[in-house]
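Line order of the protein sequences matches chains A and B.
Last residue of the first sequence: 1211 (our numbering), numbering continuous.
Last residue of the second sequence: 262 (our numbering), numbering continuous.
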Amino acid sequence: MARAAVQRRLTWRRGRVTRRVDETPRVRTLVLALEEDWPGHLAGQHVDVRLTAEDGYQAQRSYSIASAPEDVGQLAITVERIGDGEVSPYLVDELTEGDQLEFRGPIGGYFVWDETPGGPLLLVAGGSGICPLMAMIRHRAARGSRVPTRLLYSSRSLEDVIYREEVDLLAARSDGLEVFHTLTRDRPAGWTGYARRIDLEMLTEVGWRPDEGPLGFVCGPTPLVEAVAEALVQLGWSPDRVKTERFGPTGG
Amino acid sequence: MDESQLRLDGNAAAGILREVFAMDVSGAQEACASCGTIGWMGAQHLYMYPLAPGAVVRCSTCGDVLMVLVRGGGRYRLALPGLRWLEMREPVQAPPET
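Below you can see the structure in the form of structure tokens.
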């Protein structure tokens, strides 16, 4: 397996969009073809994407790599359209198959999971915070790993759940991946899952006990990430076993 | 808006830091010169906005400034007012293709 070699100089490169996937009404996945000199990535790493206008103005954003490292030759990013953003509307609505996109990566050595650090996994996502965690889930599946893994995933409504079918299919393999959804705004009739923001009680029910030596990855909007991280520490987790990635006000 | 709403993780500065450092800094360990806490750069608080000229990394324990990186006018200025030390990991070499 190609391990991410992070020693190379980080240079801007161009990738061709080979496929677009509609995930939700606001979210689209872009699959980019990679050149052979792509060093490979670790699950959880991101890329910087740069758009250049005709007058030379440039805008840059970071997007998590959603595809597994094993998915060689290509790379997937999943982008949520932010209404008045200057990058995401272009990526979601205008970029089509065959277009080129400028990016650099893989980036980041902290919010990564490569199966070696032991302990069960707790993945907590809010909205498109699922993206880097999806790379971990896909990596886990591709490796045939049976590390006990629980995903707690907060979305506004069922229609807003990104990768819903794939996540449910992977959970149905009964290889140690369990998935818990919470829908904070709209619920379909007969919904039996959680129906509120992630809180201490939910994390007590879903999360691992601290003495089970768990490792947690939390990704999503800043308020969600801070609330979850705080609650886990309150439940007795060691802060250095809770890795966070806040979206913050990205400006889209 | 409450300042904490603007906060990111040091991990998000990994890209701009790679413009200056040969190795990944977000996965490096550091010691805060102010409170002495040892942590990961990627886990410290980061203030960096799409149109900002740089990044400010603060200790997630005491809030003191660890690092400021500003880019502009063809220069990078790196200030390290609050780092006692920074320890980077030697990168993993990719095995030869088989």
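The beta carbon of each residue, even a glycine, is placed where N, CA and C say it ideally should be.
Contact belief for residue i with residue j at Cβ below 8 Å, rounded distance in angstroms
i	j	result
residue 1162/A	residue 1187/A	7 Å
residue 180/B	residue 233/B	6 Å
residue 1212/A	residue 175/B	Nothing can be reported for residue 1212/A: it is not among the residues displayed for chain A, which extend from 960 to 1211.
residue 189/B	residue 197/B	Actually they are not in contact, since the Cβ atoms of residue 189/B and residue 197/B sit about 17 Å apart, beyond 8 Å.
residue 1262/A	residue 1085/A	Since the first and last residues shown for chain A are 960 and 1211, residue 1262/A lies out of range.
residue 1003/A	residue 1095/A	6 Å
Buried or exposed (CB count within 10 angstroms, at least 16 for buried), residue i
i	result
residue 1017/A	exposed
residue 1064/A	buried
residue 1059/A	exposed
residue 1006/A	buried
residue 1148/A	exposed
residue 217/B	exposed
residue 1171/A	exposed
residue 183/B	exposed
residue 1150/A	exposed
residue 249/B	exposed
residue 1042/A	exposed
residue 202/B	exposed
residue 1011/A	exposed
residue 1251/A	The displayed coordinates of chain A run from 960 to 1211. Any statement about residue 1251/A would go beyond what the structure contains.
residue 1119/A	buried
residue 990/A	buried
residue 204/B	buried
residue 262/B	Confidence at residue 262/B is low in this model, with a pLDDT of 45, below 50, so the placement of that residue should be treated as unreliable; the coordinate-derived value is given next. Under this definition residue 262/B is an exposed residue.
residue 980/A	exposed
residue 251/B	exposed
residue 1114/A	buried
residue 226/B	exposed
residue 246/B	buried
residue 238/B	exposed
Within chain B, partners of residue i - CB distance below 8 Å
i	result
residue 1028/A	Near residue 1028/A there are no residues of chain B at all, since even the closest Cβ is about 12 Å away, more than 8 Å.
residue 1176/A	Under the 8 Å cutoff, chain B gives no residues; its nearest Cβ is about 11 Å from residue 1176/A.
residue 1182/A	169
residue 908/A	In the structure as shown, chain A begins at 960 and stops at 1211. Residue 908/A is therefore absent and cannot be evaluated.
Closer than 8 Å at the beta carbon, the chain A residues around residue i
i	result
residue 183/B	969
Residue i: contacting residues in chain B (beta-carbon distance under 9 Å)
i	result
residue 1057/A	Chain B residues near residue 1057/A: none, gap ~26 Å exceeds 9 Å.
residue 1069/A	173, 174, 175, 178, 188, 190, 191, 192, 204, 205, 206 and 207
Within chain B, the residues that residue i reaches when beta carbons sit closer than 7 Å
i	result
residue 1066/A	178, 179 and 182
residue 1021/A	176 and 179
Neighbour list for residue i in chain A, Cβ cutoff strictly below 9 Å
i	result
residue 237/B	Here the premise fails: no neighbours, minimum Cβ distance about 16 Å.
Residue i: CB within 7 Å of a non-hydrogen atom of the ligand MG
i	result
residue 250/B	Of the ligands one can find in the structure shown there are none, so the ligand MG has no counterpart to examine.
Where in the segment 1097–1182 of chain A do unbroken runs of the beta strand (DSSP E), each at least 3 residues long, occur, reported from the N-terminal end onward? Listed in chain order, they are 1108–1114, 1136–1142 and 1174–1179.
Short of 7 Å Cβ to Cβ, which residues in the segment 1150–1164 of chain A face chain B? So the list is empty, because no residue satisfies the distance condition.
Note down, in chain order, all residues in the segment 985–1011 of chain A with a beta-carbon under 8 Å from any beta-carbon belonging to chain B. Only those residues of the segment 985–1011 of chain A whose C-beta falls short of 8 Å from the nearest C-beta of chain B are listed: 998, 999, 1005 and 1007.
Where in the segment 1030–1101 of chain A do unbroken runs of the beta strand (DSSP E), each at least 3 residues long, occur, reported from the N-terminal end onward? If we require 3 residues or more, the beta strand (DSSP E) runs fully inside the segment 1030–1101 of chain A come out as 1033–1039, 1059–1066 and 1080–1085.
Residues in the segment 199–219 of chain B having any Cβ partner in chain A nearer than 8 Å: The residues in question are 203, 204, 205, 206, 207, 213, 214 and 215.
So within the segment 179–242 of chain B, which uninterrupted alpha helix (DSSP H) runs reach at least 4 residues, ignoring any that extend past its ends? Counting whole runs of 4 or more residues, the segment 179–242 of chain B contains no alpha helix (DSSP H) stretch at all.
Return the chain-ordered ranges of every alpha helix (DSSP H) run that is complete within the segment 981–1019 of chain A and spans a minimum of 4 residues. As summarised for the segment 981–1019 of chain A, there are no continuous alpha helix (DSSP H) elements at least 4 residues long confined to that stretch.
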